[in-house]
Amino acid sequence: MLTRRWRDHRGLVEVIKLFLIDEVHILNDETRGPVLEAVVSRMKTIENSAQSVHRIEQLQKEIQGQTVSNKSAPRIRFVAVSATVSNPEDVASWLGTSDKPAVFYKFGDECRPVKLKRVVEGYPCAEGTSIFKFDIILNYKLWPIIQKYHCGKPTLIFCNTRKSVVLTAETLSRELTISFNAEQKAKLTAVASSIKNKKLQALVMSGVGCHHAGLLYEERQTIEFAFRNRDLPILITTTTLAMGVNLPAHLVIVKNTQQYVNGAYQEYSISTVLQMVGRAGRPQFDTEATAVIMTRLVDKYR
Numbered sequence: 001m002l003t004r005r006w007r008d009h010r011g012l013v014e015v016i017k018l019f020l021i022d023e024v025h026i027l028n029d030e031t032r033g034p035v036l037e038a039v040v041s042r043m044k045t046i047e048n049s050a051q052s053v054h055r056i057e058q059l060q061k062e063i064q065g066q067t068v069s070n071k072s073a074p075r076i077r078f079v080a081v082s083a084t085v086s087n088p089e090d091v092a093s094w095l096g097t098s099d100k101p102a103v104f105y106k107f108g109d110e111c112r113p114v115k116l117k118r119v120v121e122g123y124p125c126a127e128g129t130s131i132f133k134f135d136i137i138l139n140y141k142l143w144p145i146i147q148k149y150h151c152g153k154p155t156l157i158f159c160n161t162r163k164s165v166v167l168t169a170e171t172l173s174r175e176l177t178i179s180f181n182a183e184q185k186a187k188l189t190a191v192a193s194s195i196k197n198k199k200l201q202a203l204v205m206s207g208v209g210c211h212h213a214g215l216l217y218e219e220r221q222t223i224e225f226a227f228r229n230r231d232l233p234i235l236i237t238t239t240t241l242a243m244g245v246n247l248p249a250h251l252v253i254v255k256n257t258q259q260y261v262n263g264a265y266q267e268y269s270i271s272t273v274l275q276m277v278g279r280a281g282r283p284q285f286d287t288e289a290t291a292v293i294m295t296r297l298v299d300k301y302r
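What follows is the structure in structure tokens.
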């Protein structure tokens, strides 16, 4: 309402000096991108309109012989930030104007506070094999990867569907060979006892947690807290935890790079993969981390 009828709230609009856009890579999202683009574009239009109104008022005062104030036309500074935007040049061009182009800064991995090792594992996928079947095959490749890279620290696994989360958790819980001491068992028991879902309870007792939108809010919060507190060594989730969540994941695994969208499977966008990979090695939890992407062999070098 403020932006649609900005002239009714002109005094408030004119005091806005900074417009900060966090996670600007959302522009590439099919659902949220158009909304963000509309909001930012509207603010840019309002800024231009406010400047035009200011100039007209100043000119009218000059014509009428009135004193013209030294107050400058309202100008908003737009600042956009993202850890995963793949086209910063385009974003800068969009935010800037012909007379005042935007400046962009691009930082590489050398500026990352936690050193991240990236690994891409490709697996054969015979012609005619469905993505669903391939996803199940990957379940049996997980434990060797975890053993190789987890270093006894928390592991976060991303799956493309809720069903995949559950199947992955069930398969992994049967293959795990983690030995828990008495203290660890007590903590897992405490977490499991606070959950009503019997299947989820059993998974937790094996050291595996599930997190997806199909669970109760309280269950998701309990699992998330247990993982954050390092009581739960492995957390399997959908992309719901890929953005804006700080978790102590030393190892992140992206299991399968395809997702089901609008009746067909398609590859994750680059920004989505980077968001998931970026969950590995948060500064307050680690000094180094590893991210493993599991995909079809034909897509390994994509």
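The letter at position 178 of the sequence shown is residue 178 when you use the UniProt record's numbering, and the numbering goes up by one with no holes. Cβ atoms here follow ideal geometry from the backbone N, Cα and C, with glycine treated the same way.
With 16 or more neighbouring CB atoms inside 10 Å of its own CB, residue 195 falls in the buried class. Shortest Cα-Cα distance from residue 260 to any of 253, 254 and 268 involves 268. In this structure, residue 170 sits away from residue 140, with a CB-CB distance that is not shorter than 9 Å. Note on the segment 71 to 148: whole alpha helix (DSSP H) runs with a minimum of 4 residues are 88 to 95 and 131 to 139, in chain order. Between residue 96 and residue 47, the alpha-carbon positions lie close to 12 Å from each other. Pairing residue 159 with residue 236 gives a Cβ-Cβ distance under 9 Å. Going by beta carbons, residue 275 and residue 239 fall inside the 9 Å limit. Partner residues in the beta bridge of residue 19, as assigned by DSSP, are 78.
Here residue 231 really is in contact with residue 188; their C-beta atoms are around 7 Å apart, less than 8 Å.
Per the Cβ contact rule, the segment 105 to 118 is in contact with the segment 287 to 294 (3 or more Cβ pairs under 8 Å). Per DSSP, residue 180 lies in no alpha helix (DSSP H) and is assigned neither H nor E. Here residue 294 has 121, 138 and 255 as same chain residues with Cβ atoms under 6 Å from its own Cβ, once five neighbours each way along the sequence are excluded.
Our two residues, residue 186 and residue 131, have alpha carbons roughly 39 Å apart in a direct line. With fewer than 16 other beta carbons inside 10 angstroms of its own, residue 264 counts as exposed. Considering only 213, 180 and 166, the residue with the shortest C-alpha distance to residue 200 is 166.
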